[in-house]
Every structure is written in C-alpha cells, then in structure tokens.
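So the structure is just underneath, and the comments pick up after that.
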Amino acid sequence: MIDIHTHLHPERLALAIRRWFRENSNWDLKHPFDKESVVDVLRSNNVERFVFCSYAHKPGIARSINLWLAQTARAIDRYGLPLFTVHLDDPNFLDDAKRAIDDGCIGLKVHEDVQSLQINDPRFEEVFVEIEKIGGFVLAHMGPVPWRLEPEVGVHRVEQVLAKHPKLNLVLAHMGTPDTQKYLDILGQNEGLYLDTTMAFTNVNGLSHVLDVDAIERNSAKILFGTDYPNIPYVYDFEPNVLKSLGLSDDALRAILGENARLLLKPFL
Ligand SMILES: [Zn+2]
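Position one of the sequence shown corresponds to residue 1 (the numbering used here), numbered consecutively onward.
As structure tokens, this is what we get:
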C-alpha cells in the first residue's frame, strides 16, 4: 500500500492540533504523532511509501514548517515524502514554495478551512506552475468538512483551477466530500484530477457516506488511498479493511491501494 495523505507536524503544532480536537470535537485521538511512532505503524501495516504534510494556518510560519518537513523526510530516509505549505499572506510565498521544492518537497498541501483561503485564489497560480514543472501534486482539503457541509461551492473552485491548469495533478482529500458524486462524474475528463479515500470509508460523521461502488470501480484509476494518520479516531487498518470489503475488483483495489500512487509519485520514487 501507499498512503498518500498522512500528517507529521512540528511538535508544537501537533500539540496545538490535538488540543483543538479535544476542545472542538468528540474525536478521541490517541495515536502517537512523533515520526518514529508513525513510521512504525505504517511499516507494520505494510505501507511501502507515504506522503505527509503539515500546514501554515497563519502568516510567518510556512518557511520554518517547510524546513522541518524536508528535514523530517531525510531523517526517515524519504520513506515518507513531504508536501510543503505556503500562506498566501506571506510576502515571499512563491520563494517559500521554490525553496521547499529545492529542499525535496514534492507538492503542496492546501487546507482551505484551516488556512482561511481558497484553492482558486489567483495568488496560487505561480505556485502551481512550480509544481507542474517537477510533476508534483497539490493535495487539497476543500471547504469546512467535516464540521460543516457546503455542497457545490467547492466544485466551482476546482473547475476554475483545472481550466487554467489542465496539466496540474490535483488530489481532493476525503473523496471531495460533500461533492463526491459530482467529482466522480468529472474525473474521467480531467487528466490530473484525483480523489483520496481519507476517512470517507469510515464511521466518522460528516465524512463517511454511502458511496457509489460502481462509480468507484469505473474511476478506480483516479482514486488514491489516504488516511490522515495519526489524526484518526480508529485503528490504522480500519479504512483499508472497509475498502477491501466493498466488493471492488482485485484490479480496482490494487489500483486504489497502491498502483495509482506509484504512478503519481513516479518522478520521486
Ligand atoms: Zn489531512
């Protein structure tokens, strides 16, 4: 398996995120978040490679987070590959992106809600160009899911980005919830558009929903396995086991759990 969506954060940020979940959600987050523990769990679940990210929720911190991410990747011999972060209110955000790429980051994580910004912000355009140059990808958490569902608004933003950057690899986290069905309908016409499975095949309110298994089978070349580990309120193999029980063909399952990610990550493996 390849896990396309995990989190490693600098310790202060990791602690702050855990505190936020304790105060604002009923999620019981118990998995240790230090890199050694995360690597152990992934290895013991037969994960061959993984992608990890953090995010700058305010200006002034992206550069130091990116240095930490790149250093962390080296410390684990690039078993995990890092996505960088930018904050668009930082005056030198494009330079932050270029430095992070030079330092070994393979793409960008955008969290619209936590970062209070939108994927179609024109300031992202030059950053997207840098990512296209290296064949990397953007992992985007669209809107305020799972805390609020705002159907249809995110789709418009994604379509705007794809119209301007048809070659950009854009992975929408959480199966693009709440617009999964709409994205499944347009995946085939958009070469670089993918969905990741993160938390969509679990029992977490706001993210789990009845998914059209036939549409998943048809689009299995465009769906990537991801987990959000270690910030999940259940054991690591819960979601892969649900995926394996859906009745998908062996080929589709193999594609989703690893083959698609291997192709997407090819420039970096
Ligand atoms: Zn995540």
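Idealized CB from N, CA, C, for every residue including glycine.
Just to confirm, does residue i get its C-beta within under 7 Å of one of the non-hydrogen atoms of ligand 1?
i: A173; result: yes
i: T198; result: yes
i: H9; result: no
i: H141; result: yes
i: D113; result: no
i: D251; result: no
i: D31; result: One point to set straight first is that residue 31 is His, not Asp, in the sequence displayed. No, ligand 1 has no heavy atom inside 7 Å of this Cβ.
i: H5; result: yes
i: D228; result: yes
Going by DSSP, name the residue or residues bridged to residue i.
i: F137; result: G107 and N169
i: L224; result: D196
i: R49; result: I2
i: H7; result: C53
Report yes if the C-beta of residue i is less than 7 Å from at least one heavy atom of ligand 3; otherwise report no.
i: I101; result: Questions concerning ligand 3 fall outside what the structure shown contains, since the ligands it does hold are ligand 1.
Kindly indicate if chain B contains any beta-carbon less than 8 Å away from that of residue i.
i: I256; result: Annotation note: the requested chain B is absent from the structure, which comprises a single protein chain.
Report yes or no: do three or more beta-carbon pairs, one from the region 241-250 and one from the region 210-224, lie closer than 8 Å?
-> Touching, yes, given that three or more Cβ pairs across the two stretches are closer than 8 Å.
Complete alpha helix (DSSP H) runs within the region 73-106 (minimum length 4 residues, chain order) | Correct list: 93-102.
Does the region 108-123 come within contact of the region 137-145, defined as at least 3 CB pairs closer than 8 Å?
-> Short answer: they touch.
Is there contact between the region 70-86 and the region 107-116, where contact requires at least three CB pairs shorter than 8 Å?
-> In short, these stretches touch, since the Cβ pair count reaches three.
Hey, is the region 174-185 in contact with the region 148-158, meaning 3+ C-beta pairs nearer than 8 Å?
-> Three or more Cβ pairs drawn from the region 174-185 and the region 148-158 lie within less than 8 Å of each other, which places the two stretches in contact.
Do the region 200-215 and the region 157-172 meet, that is, are 3 or more Cβ pairs less than 8 Å apart?
-> Short answer: they don't touch.
Which parts of the region 165-211 are runs of the alpha helix (DSSP H), unbroken and 4 residues or longer, counting only runs that do not cross its ends?
-> Counting whole runs of 4 or more residues, the region 165-211 contains the alpha helix (DSSP H) stretches 180-186.
Just checking, does the region 18-37 make contact with the region 63-70 on the three C-beta pairs under 8 Å criterion?
-> Flag = no, the region 18-37 and the region 63-70 do not touch.
Flag this pair as touching only if the region 121-130 and the region 89-99 have three or more C-beta atom pairs under 8 Å; answer yes or no.
-> Segments in contact, yes.
Does the region 207-215 come close enough to the region 37-54 that 3 or more CB-CB pairs lie under 8 Å?
-> Flag = no, the region 37-54 and the region 207-215 do not touch.
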